[in-house]
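Going by the working numbering, the first residue of the sequence shown is number 2, and it counts up by one from there.
Glycine is no exception: its CB is placed at the ideal position from the N, C-alpha and C atoms.
As the structure is a computational prediction, the values presented were derived from the model and not from experiment.
Report on the following structure.
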Amino acid sequence: MAVQTVATTTDSADTVDLGPASALACRECGERFALGPIFACEACFGPLEVAYDLPSGDPEDLRKRIESGPENIWRYAPLLPVPADVASKPNLNPGFTKLVQADNLARELGVTGGLWVKDDSGNPTHSFKDRVVAQAIEAARAFGFTTLSCSSTGNLAGAVGAAAARAGFRSCVFIPHDLEQGKVVMAAVYGGELVGIEGNYDDVNRFCSELIGDPAGEGWGFVNVNLRPYYAEGSKTLAYEICEQLGWRLPDQIVIPIASGSQLTKIDKGLKELVELGLVEDRPYKIFGAQAEGCSPVSAAFKAGHDVVRPQKPDTIAKSLAIGNPADGPYVLDICRRTGGAVEDVTDEEIVDAIKLLARTEGIFTETAGGTTLGVAKKLIEAGVIDPSLTTVVVNTGDGLKTLDAVAPTTGMSAVIRPNLDSFREAGLA
């Protein structure tokens with residue numbers, strides 16, 4: 002893979018305005034680089050992430066500043082790699098989605114300490130990917146890119162297409178050729194170029210990495226490759242919102258789906274930042290990761306006690322989580338072990354059952370990723386791994402209308418009757 006590099010620095014780049022972002026820092030060796038479209042350390046090839054000069058001063062003043070901000074992710078602009086005037090720029094303005102107190106579901110699962118569903122299906126393209134793309138758009142503007150691109154299992158393709166259309170970028174996104182039709186349509190409708198790659202997501206991602214190093218990719222910002230350090234920071238806003246919506250307190254337990262693993266690692270980063278800033282009380286929390294059995298390399302490593310994640314070939318209905326070689330897998334293991342959490346997986350049948358359970362109890366129709374997350378939460382509650390007496394948050398990352406095929410075979414009309422009362426009664430509906 003070709004790695005783009007820039008000069009090493011200890012301070013922020015003078016010509017790039019990304020708010021409190023001061024540099025890129027290697028997660029492995031700590032080497033720092035100027036803000037730029039790079040994603041790997043030139044010293045050790047470790048992943049880069051954004052380093053900040055975070056606000057200092059009275060936490061109460063910062064809390065009031067956030068609460069007076071717009072009802073989207075830009076209320077947290079002082080904590081994100083975006084310019085101060087980000088809210089005035091053309092963007093889909095995702096975020097501040099509902100934190101649903103799921104009392105009916107809690108009773109069904111025997112949870113007494115409070116159960117919430119963070120429902121990110123309410124974002125503009127109906128998945129959490131709108132958050133990360135919104136961050137990437139600002140980095141693309143700062144670095145002068147003209148084309149926005151990505152490798153995607155579906156939701157990201159739609160989010161990039163929509164955000165690019167709104168912001169005036171050309172878009173060209175790449176997906177596995179056999180993706181769910183609902184996600185294909187949603188990614189294509191925004192008018193950008195949608196390209197199917199013969200193979201799975203890992204094949205798509207490898208192709209995009211090659212394109213970045215080729216002259217044909219000049220001027221292209223790949224949100225989850227050369228813009229990945231900025232893109233990934235969008236997931237922190239889930240942590241910020243959950244804590245604010247809980248009354249500025251940490252949840253005791255949180256269950257998060259694992260695809261690349263980036264969302265889980267950034268939620269943990271967001272929680273730690275809130276503690277560092279004094280916005281929430283510092284107390285223990287546990288993070289749990291959820292995978293589908295048909296693509297569960299991180300779960301397998303966790304159960305085996307390994308630090309290395311061995312790639313798998315995906316075979317599951319949860320295609321948005323079907324990344325057989327997750328980039329952040331080792332960091333997910335570290336976080337779940339450090340916090341006292343776990344990584345678990347569920348079968349496709351359990352995923353469908355969980356989708357129906359959430360719909361039946363709370364009126365939330367989740368896609369297969371959400372079914373995976375709730376299925377794992379249910380499994381861990383029943384096993385006594387998740388404490389039902391503590392505050393628990395389950396993250397729903399997308400809308401079930403995108404994965405209708407998963408539930409269609411076992412869902413449909415209760416009856417077909419003639420248009421009269423006798424037929425109604427004969428069907429046992431009275």
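Which residues DSSP lists as bridging residue i, in chain order
i	result
I288	I255
I433	Residue 433 is absent from the model: the chain starts at 2 and stops at 431.
S128	G399
K119	L100 and V396
L25	F34 and V51
W221	T148
T367	D400
D346	Q292
A41	P48
Cα-Cα separation between residue i and residue j, rounded to whole angstroms
i	j	result
T398	D179	21 Å
A378	Y286	15 Å
G111	I198	44 Å
G145	G220	7 Å
L430	C244	44 Å
L275	Y241	7 Å
G123	D388	28 Å
V347	I382	13 Å
L93	A164	6 Å
R171	D215	18 Å
D131	A428	45 Å
V344	D423	53 Å
S263	L157	13 Å
Y232	N225	7 Å
R426	G376	36 Å
G31	L272	21 Å
S57	I268	21 Å
I213	R339	35 Å
G248	D62	16 Å
N227	G37	9 Å
G413	T373	22 Å
V353	A407	7 Å
G235	P331	20 Å
I318	G306	27 Å
G192	G162	7 Å
Residue i, DSSP secondary structure in three states
i	result
G159	helix
T148	strand
Q102	strand
T188	One point to set straight first is that residue 188 is Ala, not Thr, in the sequence displayed. Helix, per DSSP.
S172	strand
K270	helix
V17	coil
G372	helix
D215	coil
N449	Here the chain covers residues 2 to 431 and nothing more, so residue 449 does not appear.
K237	helix
Q182	helix
T362	helix
Which listed residue (the options) has its alpha carbon closest to that of residue i
i	options	result
A160	G145, A143, V190 and R142	V190
P327	L359, G385, D269 and S261	S261
A88	G20, A355, L49 and L106	G20
I257	R250, L251, T266 and A141	T266
L334	L391, Q292 and C27	Q292
R28	V17, E43 and P38	E43
S210	P71, R229 and A305	R229
Q136	Y77, P177 and G115	Y77
L358	L80, L63 and N105	N105
V101	P252, A85, T147 and V394	V394
R167	E50, V134, P177 and C151	V134
K270	D18, H127, G37 and Y53	Y53
I336	G372, T404, T317 and Q254	Q254
T392	V185, V408 and L251	L251
I324	Q313, I67 and A103	Q313
P84	T16, V118 and F46	T16
I365	M187, P79 and V118	V118
A217	S321, T147 and R64	T147
A370	R33, G200, P177 and T154	T154
Exposed unless 16 or more other CB atoms sit within 10 angstroms - verdict on residue i
i	result
N421	exposed
A384	exposed
D308	exposed
R419	exposed
F289	buried
S149	Strictly speaking, residue 149 in this sequence is Leu, with Ser absent from that position. L149 comes out buried.
D120	buried
T367	buried
D400	buried
L491	Residue 491 is absent from the structure shown; the chain starts at 2 and stops at 431.
A416	exposed
V196	exposed
E181	buried
T238	buried
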